[in-house]
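Counted from 1, the sequence shown has number 13 at position 13 by the UniProt record's numbering; the numbering is strictly sequential. From the three backbone atoms N, C-alpha and C, an ideal C-beta is built for every residue, glycine too. Since the structure comes first, as structure tokens, the remarks are kept for the end.
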Amino acid sequence: MNPPSGASCAGRPAQTLPSSSMTCCLIENNNRRCMRSASSHSFSKRMAKIVEQKKLKLQPDALARHNSICTHHRRMLISQAAKTRDRKDNGRDSGSDDELASIGDTSNGKGGNSNKVKLHALSASTLRRYKKHFKLATKPGANKQQLVDTVLEHFQTLPVNEKETLTYFIYTVKTGRNRLDQMKSASID
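Encoded structure:
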């Protein structure tokens with residue numbers, strides 16, 4: 001009787017086994033191969049670069065006939081990459097209310113204000129709220145870059161300091177005096 005196709009036989013190479021029986025191709029810090037089942041994700045050059053930069057104790061198994069990794073290691077590598085991006089962005093959470101601390105501080109250290117405001121540090125949802133608050137016209141579904149451009153154009157037309165404008169906007173949102181928010185809650189009731 002012949003074994004079913006894809007079944008494990010002593011003389012058959014491991015490559016012909018179904019993907020569900022493959023194990024992760026990574027060797028962990030204790031010099032043991034990860035025994036979790038491999039997913040459809042592969043150990044790419046980008047992931048190898050993350051391992052090298054973070055000095056993680058992972059390496060691909062030279063004896064493995066595939067480069068598939070388990071979901072656990074994929075998530076770990078993705079989270080390490082995200083931590084690196086967060087540090088590059090000054091470690092700030094893009095959705096926090098403390099965005100004004102890094103954005104509104106436009107002083108150059110000599111007592112003067114510069115005219116540049118770093119709106120890319122704001123989250124897209126904050127930019128949308130700003131657009132809605134000041135009733136700025138943009139095309140529907142505008143991306144973050146288009147919102148930044150629209151808000152910067154709005155700043156250039158205002159005869160006030162950008163820091164004061166942002167401070168007032170955040171104050172009105174936090175105190176619940178935003179007319180658009182009140183209309184939204186009234187329509188829900």
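- Annotated three-state conformation of residue 33 is strand, per DSSP.
- Under the three-state reduction of DSSP, residue 122 is assigned to coil, being neither helix nor strand.
- Residue environment analysis places residue 162 among the buried positions, since at least 16 neighbouring C-beta atoms fall within 10 angstroms of its C-beta.
- In the same chain as residue 36, and ignoring 5 residues on each side of it, the C-beta atoms closer than 7 angstroms to its own belong to 23, 24, 70 and 72, in chain order.
- Taken through DSSP and simplified to helix, strand or coil, residue 79 comes out as helix.
- For residue 152, the enclosing alpha helix (DSSP H) covers residues 144–157.
- In this structure residue 43 is buried. Its beta-carbon is surrounded by 16 or more other beta-carbon atoms within 10 angstroms.
- In the DSSP annotation of this structure, residue 43 is not part of any alpha helix (DSSP H), being labelled neither H nor E.
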